[in-house]
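Engineer: Before anything else, here's the structure in question.
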Amino acid sequence: MKAHDEKLKTELVTRGLLTEEQSKRAVAESVRTKAPFKDGVLRLGLAQEDDVLVAEADVLGVTFLDLEEYLIDDAVVKLVPEKIARTYMIMPVFRVAHTLTIATAEPLNILALDEVRSAAGCDVEVVMSTRDTIKRAIDQSYGVGGNLAEVTKSIEGAPEAQTIDDVQPTMEDIGKAAGEAPVIKLVNLLIMKALDEKASDIHIEPEEDILRIRNRVDGVMHESSRLPKKFHLAVASRVKIMSKLDIAETRKPQDGKIRLRIQDRELDIRVSTFPTMHGENIVMRLLEQSKVVLGLADLGFESDVMKRFDVLIRKPYGMILVTGPTGAGKTTTLYSAINTINTMEKNIITIEDPVEYQLSLVRQTQVNPKAGLTFANGLRSILRQDPDVILVGEIRDAETADVAVQAALTGHLVFSTIHTNDSAGAVARLVDMEVEPFLISSAVIGVLGQRLVRTICQKCKEPYKVDPDSAQKLGVKPEATFYRGKGCSTCKNTGHDRRVGIYELLVVDELVRKLVIARAPASEIKAQAVKAGMISMRADGIRKAEKGITTLEEVLKATLEED
Numbered sequence: 007m008k009a010h011d012e013k014l015k016t017e018l019v020t021r022g023l024l025t026e027e028q029s030k031r032a033v034a035e036s037v038r039t040k041a042p043f044k045d046g047v048l049r050l051g052l053a054q055e056d057d058v059l060v061a062e063a064d065v066l067g068v069t070f071l072d073l074e075e076y077l078i079d080d081a082v083v084k085l086v087p088e089k090i091a092r093t094y095m096i097m098p099v100f101r102v103a104h105t106l107t108i109a110t111a112e113p114l115n116i117l118a119l120d121e122v123r124s125a126a127g128c129d130v131e132v133v134m135s136t137r138d139t140i141k142r143a144i145d146q147s148y149g150v151g152g153n154l155a156e157v158t159k160s161i162e163g164a165p166e167a168q169t170i171d172d173v174q175p176t177m178e179d180i181g182k183a184a185g186e187a188p189v190i191k192l193v194n195l196l197i198m199k200a201l202d203e204k205a206s207d208i209h210i211e212p213e214e215d216i217l218r219i220r221n222r223v224d225g226v227m228h229e230s231s232r233l234p235k236k237f238h239l240a241v242a243s244r245v246k247i248m249s250k251l252d253i254a255e256t257r258k259p260q261d262g263k264i265r266l267r268i269q270d271r272e273l274d275i276r277v278s279t280f281p282t283m284h285g286e287n288i289v290m291r292l293l294e295q296s297k298v299v300l301g302l303a304d305l306g307f308e309s310d311v312m313k314r315f316d317v318l319i320r321k322p323y324g325m326i327l328v329t330g331p332t333g334a335g336k337t338t339t340l341y342s343a344i345n346t347i348n349t350m351e352k353n354i355i356t357i358e359d360p361v362e363y364q365l366s367l368v369r370q371t372q373v374n375p376k377a378g379l380t381f382a383n384g385l386r387s388i389l390r391q392d393p394d395v396i397l398v399g400e401i402r403d404a405e406t407a408d409v410a411v412q413a414a415l416t417g418h419l420v421f422s423t424i425h426t427n428d429s430a431g432a433v434a435r436l437v438d439m440e441v442e443p444f445l446i447s448s449a450v451i452g453v454l455g456q457r458l459v460r461t462i463c464q465k466c467k468e469p470y471k472v473d474p475d476s477a478q479k480l481g482v483k484p485e486a487t488f489y490r491g492k493g494c495s496t497c498k499n500t501g502h503d504r505r506v507g508i509y510e511l512l513v514v515d516e517l518v519r520k521l522v523i524a525r526a527p528a529s530e531i532k533a534q535a536v537k538a539g540m541i542s543m544r545a546d547g548i549r550k551a552e553k554g555i556t557t558l559e560e561v562l563k564a565t566l567e568e569d
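Numbering (our numbering), first residue to last: 7 to 569.
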């Protein structure tokens, strides 16, 4: 018996996957068939293949991968000819620099590794996976073409939703279609295309005659592709299978989650389904762990605002609120602030809905209303965990507001978000939630209002002069030079690249406290803050426009409420 087989036999017995008697039977079978020991185990049905391969991977010191969790780029697939992949049952997974990682159930097959190395023209590293998952991956990647047009042509017999008087497709038909290689490939391509466009969301929208796919890129929706309406059930079911939702339930909204790996990147996808007149609408929010910005300097803070904000987040206690509409980047700002002050000496605990990114050293919890874990209840429990810093995902109700204020008053630094148009409006919102003004004035130490604006593509950036009327309205010099993007291949003719924040930071000083206690309107509080040196969001945006970071149009669109 070979040394490797002996080690594997010992490992399987140690793990309790085989008894001594079963291991002897497997040895006899492998001798009889002149096959490796693990083949004897599997042929006799003594253990599951994935259990055996996980143990073998540990013996060899290699990684075991579940290929179902991977999206494999077509460029990587093309490195290995289909004939080699099927002959040796190997699947290319990702390439980093000059090393190609392949999945195989036979990591000791030197001939296969040499063939792959020669065909791909690069070094090869091995991970292990089961034969079934490798075969499915090969069928999905090599069995159909590499673009949407080719894939849609290959999909035959997709079950269509019928009218009420017609025969409805069965769950068996829908599930079968959702599990076929072309449909799996189609959904994978939709996700890959969205990632290539740097989209934050994928919208799968059934209409009367078509299935429209729209992606949100830099906060703006655009049509990515159109598919035949008959694909809707299969595509929707595939997404629901991936996110572990009930494919039979189409009349109620559902929420789920998908975790995928692409190359060496991890991707979390939040899935939401919603019934409409023409079928289930699906929105997939893409959250890439490596893309989260965790430095305040990278968010777009001007130096004066960042210095004042940095002073606030290092205070030992008090409440700091970040305000703005949905999609304004509030969570990213909070994560960046937490990351800035995160040290071994601080106990930082969060309660969020949902937990979008995982932070080292930070204890993070997701609300679960069905289990009674709301923001308010969770916050009360957090206070018994000896925290120094608390992050509450959002203040939505009076109960959460009251507990958060009490936490800030009792020696904790509390971060949270609240939905208002500007920083001064956050104080009025807390008053509306029946929090006493004298408590607000003592607890809240600062409010950061923010929006996201698109930056100008640096490849096609051009200067221009604003017209006199607009200059007067905006309070800028008529001779001032501003910039915009003409549109080019780099920015896909949008004239824009990524997004950056514009901010206003209201620091609660003695005069602001007096206004809060007197229940002064938000307009008076804002006027006092500006008098004390606060730069409004529009003024901050104009500063960025003058520097050529963004356009005046973007600033005006983001700050319409200041008119």
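All residues carry an ideal CB built from backbone N, CA and C; glycine is no exception.
1) Could you have a look at LEU71 and say whether DSSP puts it in helix, strand or coil?
2) Verify the CB distance criterion: does GLY46 have a CB-CB separation below 9 Å to chain C?
3) Using the Cα positions of GLU12 and ASP80, report the straight-line distance between them to the nearest angstrom.
4) Is ILE531 closer than 9 Å to LEU410 when the C-beta atoms are compared?
5) Using the Cβ count rule (16 or more neighbours within 10 Å means buried), how would you classify GLU214?
6) If contact is defined by three or more beta carbon pairs under 8 Å, each pair taking one atom from either stretch, is the region 60–79 in contact with the region 138–150?
7) Where do the ends of the alpha helix (DSSP H) carrying ALA432 lie?
8) For VAL398, which option in GLU272, PHE421 and GLN28 has the closest C-alpha, if you only look at C-alpha atoms?
9) Would you mind working out which of LYS191, VAL82, MET325 and VAL241 sits nearest LEU445, comparing C-alpha positions?
10) Assuming ASN345 and ASP392 are in contact, meaning their beta carbons sit under 8 Å apart, how far apart are those beta carbons, in whole angstroms?
11) Tell me whether PHE280 sits in a helix, a strand or coil according to DSSP, three-state version.
12) Give the single residue among GLY493, LYS471, ALA551 and ASN374 whose Cα lies nearest to the Cα of GLY507.
13) Please report the residue range of the beta strand (DSSP E) in which LEU106 lies.
14) Let's test the definition: count the other Cβ atoms within 10 Å of the Cβ of THR20 and tell me whether it reaches 16, buried, or not, exposed.
15) Helix, strand or coil, according to DSSP, for GLY554 in the structure here?
16) Who pairs with ILE341 in a beta bridge, going by DSSP?
17) Sort MET134, VAL459, GLY452 and HIS418 by Cα distance to LYS563 and report the nearest one.
18) Where does THR557 land, buried or exposed, given buried means 16+ other C-beta within 10 angstroms?
19) If you draw a straight line from the alpha carbon of GLN534 to that of LEU517, how long is it in whole angstroms?
20) Give me, in chain order, the residues of the same chain whose beta-carbon lies closer than 8 Å to that of ALA404; leave out the 5 immediate sequence neighbours on both sides.
21) Quick check: GLU229 and ARG220, are their CB atoms within less than 9 Å of each other?
22) Taking its Cβ as the centre, do 16 or more other Cβ atoms sit within 10 Å of THR337, making it buried, or is it exposed?
23) I'd like to confirm the pairing. Which residues does DSSP put opposite PRO98 in its beta bridges?
24) Is GLU485 helix, strand or coil by DSSP?
25) Short of 8 Å in beta carbon distance, which residues of its chain neighbour GLU131, apart from the five on each side in sequence? Order them along the chain.
26) Among residues of its own chain, excluding the 5 on either side of LEU355, which ones have a beta-carbon nearer than 7 Å to its beta-carbon?
27) Keeping to the same chain, check which residues put their C-beta closer than 6 Å to that of MET290; ignore five residues upstream and five downstream.
28) Express the C-alpha separation of PHE100 and LEU117 in angstroms, rounding to a whole number.
29) Report the rounded CA-to-CA distance for GLU468 versus ALA477, giving the unit in angstroms.
30) Taking only runs of the beta strand (DSSP E) that begin and end inside the region 228–295, which ones reach a length of at least 3 residues, in chain order?
31) For a quick check, are the C-beta atoms of ILE210 and VAL189 less than 9 Å apart?
32) By DSSP's criteria, VAL130 is part of a beta bridge. Which residues make up the other side?
33) State the CB to CB distance for the pair LEU50 and ALA61, rounded to an integer number of angstroms; the pair is presumed to be in contact (CB under 8 Å).
34) With three or more beta-carbon pairs closer than 8 Å as the criterion, would you say the region 302–321 touches the region 449–458?
35) Could you compute how far the alpha carbon of LEU66 sits from the alpha carbon of VAL47?
36) Short of 8 Å in beta carbon distance, which residues of its chain neighbour TYR489, apart from the five on each side in sequence? Order them along the chain.
Structural biologist: Let me lay it out:
1) coil
2) Judged by its chain identifiers, the structure shown contains no chain C, having just a single protein chain.
3) 39 Å
4) The sequence given here has Ala at residue 410, not Leu. Cβ atoms of ALA410 and ILE531: not closer than 9 Å.
5) exposed
6) yes
7) 429–438
8) PHE421
9) MET325
10) Contact flag wrong, Cβ pair sits at about 21 Å.
11) strand
12) ALA551
13) 105–110
14) exposed
15) coil
16) Note that residue 341 is Tyr in the sequence shown here, rather than Ile. Paired residue(s): none; TYR341 is not in a bridge.
17) VAL459
18) buried
19) 8 Å
20) MET439, GLU440 and VAL441
21) yes
22) buried
23) ILE108
24) coil
25) THR105, LEU106, THR107 and ILE108
26) Rather than Leu, the amino acid found at residue 355 in this sequence is Ile. Cβ within range, chain order: ARG369, ILE388, GLN391, PRO393 and ILE396.
27) ILE208, ILE275 and VAL277
28) 21 Å
29) 18 Å
30) 260–268, 271–282 and 285–294
31) no
32) LEU106
33) About 16 Å separates the two Cβ atoms, so there is no contact after all.
34) yes
35) 18 Å
36) ILE462, LYS467, GLU468, PRO469, TYR470, ALA551, GLY554 and THR557
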